[in-house]
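Report on one structure; see the data block that follows.
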């Protein structure tokens, strides 16, 4: 974990598997440090010294929050925005194979009889979030159905009770 300053939030460094959570936390750090606009807005054609200093600061924060295995991708980027966009391109692949892999994983997710419901829900929502980053939206009613079919038999009574409830508008 990395803590950039005293009283600063800690963040797990970016690796090949945690982009979605890393991106969210990184955005929050950059917003907190008033640097998010550097990755969001276009770089001025003639940046002043203040802009250059802030850009270097943002780039340093991003670069310090990635694992060594990720450095090869951004080593030669010269701005925070270019660094951010390069990482985004690498980790937010929206191709069919990524979607299919995540969808298969989502539909195959099952909670074991002795599993923890909170962990199961978190795991399911994490997969749904990853799908969102590759352009695949899952509707709330489908999420509810996925959760209901993914729990063990011991939840059958609860599922029956939920299915018997009158629908609310």
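In the numbering used here, the protein residues as written are 44 to 212. By construction, the Cβ of each residue, glycine as well, lies at the ideal position given by its N, Cα and C atoms.
Exposed unless 16 or more other CB atoms sit within 10 angstroms - verdict on residue i
i           : result
residue 191 : exposed
residue 154 : buried
residue 98  : buried
residue 102 : buried
residue 113 : buried
residue 182 : exposed
residue 139 : exposed
Continuous alpha helix (DSSP H) stretch holding residue i: start and end
i           : result
residue 72  : 62-75
residue 148 : 139-151
residue 206 : 199-207
residue 161 : 160-176
residue 106 : 92-107
Same chain only: Cβ atoms within 7 Å of residue i, ignoring 5 sequence neighbours per side
i           : result
residue 133 : 116
residue 120 : 126, 129
residue 156 : 195, 197
residue 166 : 152
residue 63  : 172, 173, 176
Selection from the options that minimises the alpha carbon distance to residue i
i           : options           : result
residue 145 : 177, 202, 200, 80 : 177
residue 100 : 123, 160, 90, 84  : 123
Any chain D beta carbon closer than 9 Å to residue i
i          : result
residue 72 : As a matter of chain content, chain D is missing from the structure shown, which is built from one protein chain.
Touch test, the region 139-159 against the region 192-206, Cβ-Cβ under 8 Å, three pairs minimum: Segments in contact, yes.
Stretch-stretch touch, CB-based, cutoff 8 Å, three pairs: the region 103-114 with the region 72-79: Segments in contact, yes.
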